[in-house]
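Written below as structure tokens is the structure these notes are about.
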Amino acid sequence: MLLVVFFALFIVAITAFLSLLESSVVAIDELRLVTILYKKPRNQEAVKLVFQKKREHLSAIVLLSTLVSISGSTLLGALAAKEFNDLWLAVFTALLAYCMLVFAKVLPKLLAVQIAEKVVVQWAPLIRLIYTLTRHVLMLALFWTRILPHHVEEARSSDDLRSIIKHYNKRGVIGKRQRKLAEAVLSSHQKNLEELVARSIPAVCLSSEDTVASVEKTMKLSPCKRYVVLADGQPVGVVLYRHLARCLVNGEANMTVGELMRKTINLAPETSLHEAMTELHETRASIILLLGETVEQTRIVTAKKLYQALLR
Numbered sequence: 000m001l002l003v004v005f006f007a008l009f010i011v012a013i014t015a016f017l018s019l020l021e022s023s024v025v026a027i028d029e030l031r032l033v034t035i036l037y038k039k040p041r042n043q044e045a046v047k048l049v050f051q052k053k054r055e056h057l058s059a060i061v062l063l064s065t066l067v068s069i070s071g072s073t074l075l076g077a078l079a080a081k082e083f084n085d086l087w088l089a090v091f092t093a094l095l096a097y098c099m100l101v102f103a104k105v106l107p108k109l110l111a112v113q114i115a116e117k118v119v120v121q122w123a124p125l126i127r128l129i130y131t132l133t134r135h136v137l138m139l140a141l142f143w144t145r146i147l148p149h150h151v152e153e154a155r156s157s158d159d160l161r162s163i164i165k166h167y168n169k170r171g172v173i174g175k176r177q178r179k180l181a182e183a184v185l186s187s188h189q190k191n192l193e194e195l196v197a198r199s200i201p202a203v204c205l206s207s208e209d210t211v212a213s214v215e216k217t218m219k220l221s222p223c224k225r226y227v228v229l230a231d232g233q234p235v236g237v238v239l240y241r242h243l244a245r246c247l248v249n250g251e252a253n254m255t256v257g258e259l260m261r262k263t264i265n266l267a268p269e270t271s272l273h274e275a276m277t278e279l280h281e282t283r284a285s286i287i288l289l290l291g292e293t294v295e296q297t298r299i300v301t302a303k304k305l306y307q308a309l310l311r
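Numbering (numbering that gives the first Met the number 0), first residue to last: 0 to 311.
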């Protein structure tokens, strides 16, 4: 009987410790992680490695906790069945379930919120060891997730978003800040890029094959922050005045405009602000070109200008 009780306490303790590790890793966000690393604690490298693959290490802890709980409960049930009669077996099972729920699950998660930093710094090497030992088993377990259907995110239309704001704002379900964010998203769908360049001046164009020395006269006659770069008569990018001027100052006037050209994307003037922001994020560009009927009518929209319009 003492063996059964001792083994039950051991299983509860191990599960509680793993729950504490899991909840502590979850509780550390990017800001708290920066604060921890700023103090240069011991096990600093182990902490960095844990959070570089945070999802994988969490999965390893959950896997080990599940294996301990299942195997321990199975073995404990077999031992208890030999020691107790039916009534005491039911009582023991109920007590074990209560202890597992309270002491192995709930209390460790509540405690982890308060001491998450200390736990992560202290036990980061052990978390790394758990991941190393269970990595191959975890890969085998996650293999079966590939046969599951992938979740397809459903995009909300402008009408849906407008109805949500109207309905839940009246009921007081969403607060003022959430409503303003939703309205900003809605306005980003309704406004287009053409509204941002309504008062733009004609673009000054440079050929991508021209050298910096050959465009120096153009820079003096028509100084502007950005020039549209042409290749075969079509706008292909933008070059900054300061980059051209830097080459002149540093004696690199033989460089071509094409070598200094910055990456851009071409979008239609009727493109919404939301779609433009998505395109910039996917292509990792920072400048948008709106093509006109002539190359001089090409208009430039920077990422900064786009974000300012979204925040207004």
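Note that beta-carbon positions come from the ideal geometry of N, C-alpha and C, so glycine has one too.
{"Item": "Using 10 angstroms around the beta-carbon of F91, count the other beta-carbons present and answer buried if the total reaches 16, otherwise exposed.", "Value": "buried"}
{"Item": "Taking only runs that begin and end inside the region 226–259, name each unbroken beta strand (DSSP E) of 3 or more residues, in chain order.", "Value": "233–239"}
{"Item": "With H, G and I counted as helix, E and B as strand and the rest as coil, what does DSSP make of R261?", "Value": "strand"}
{"Item": "At 3 residues or longer, and completely inside the region 52–127: list those beta strand (DSSP E) runs for me, N to C.", "Value": "none"}
{"Item": "Which of the three DSSP states, helix, strand or coil, is assigned to T34?", "Value": "helix"}
{"Item": "Please name the residue, chosen from V256, F6, L36, that lies closest to L78 on a Cα-to-Cα basis.", "Value": "F6"}
{"Item": "Would you tell me roughly how many angstroms separate the C-alpha atoms of Y226 and M276, rounded to the nearest one?", "Value": "22 Å"}
{"Item": "Rounding to the nearest angstrom, what Cα-Cα distance links L348 and L309 in this structure?", "Value": "Past the edges of the chain, shown from 0 to 311, lies residue 348, and the structure says nothing about it."}
{"Item": "Is it the case that the Cβ atoms of L259 and V235 are separated by a distance below 8 Å?", "Value": "no"}
{"Item": "Are there three or more Cβ pairs, one per stretch, closer than 8 Å when the region 31–44 is compared with the region 103–110?", "Value": "no"}
{"Item": "Taking the alpha carbon of E364 as the reference point, which residue from K224, T282, A267 has its own alpha carbon closest?", "Value": "Residue 364 is absent from the model: the chain starts at 0 and stops at 311."}
{"Item": "Looking at the strands, I want to know which residues DSSP matches up with A287.", "Value": "Residue identity check: residue 287 is Ile in the sequence provided, not Ala. DSSP lists I264, V300 as partners of I287."}
{"Item": "Tell me T210's beta-bridge partners as DSSP assigns them.", "Value": "T255"}
{"Item": "Whole angstroms is fine: what's the gap from N191's alpha carbon to G232's?", "Value": "27 Å"}
{"Item": "Going by alpha carbons, who is nearest to V228 out of E215, P222, D209?", "Value": "D209"}
{"Item": "Buried or exposed: L19, going by 16 or more other Cβ atoms within 10 Å of its Cβ?", "Value": "buried"}
{"Item": "Kindly indicate which three-state DSSP category S221 falls into: helix, strand or coil?", "Value": "coil"}
{"Item": "Identify every residue that forms a DSSP beta bridge with N191.", "Value": "S271"}
{"Item": "What is the C-beta distance between V256 and L205, in whole angstroms, given that I count them as a contact (C-beta under 8 Å)?", "Value": "5 Å"}
{"Item": "If you draw a straight line from the C-alpha of Y130 to the C-alpha of L94, how long is it?", "Value": "32 Å"}
{"Item": "Could you give the distance in angstroms between the alpha-carbon of V24 and the alpha-carbon of T270?", "Value": "42 Å"}
{"Item": "How about I60 and L17: are their beta carbons less than 8 Å apart?", "Value": "yes"}
{"Item": "Of all the options Q43, T14, L32, which has the alpha carbon lying nearest to the alpha carbon of S68?", "Value": "T14"}
{"Item": "What is the C-beta distance between R298 and V196, in whole angstroms, given that I count them as a contact (C-beta under 8 Å)?", "Value": "4 Å"}
{"Item": "In terms of residue numbering, what span does the alpha helix (DSSP H) encompassing F6 cover?", "Value": "1–26"}
{"Item": "For I200 and K224, what's the separation of their Cα atoms in angstroms?", "Value": "12 Å"}
{"Item": "For H56, count neighbouring C-beta atoms within 10 Å of its own C-beta (all shown protein chains included) and say buried if the count is 16 or more, exposed if not.", "Value": "buried"}
{"Item": "List the residues that DSSP assigns as beta-bridge partners of L205.", "Value": "V228"}
{"Item": "Between L1, H280, V214, A302, which lies nearest to I286 when the distance is taken from Cα to Cα?", "Value": "A302"}
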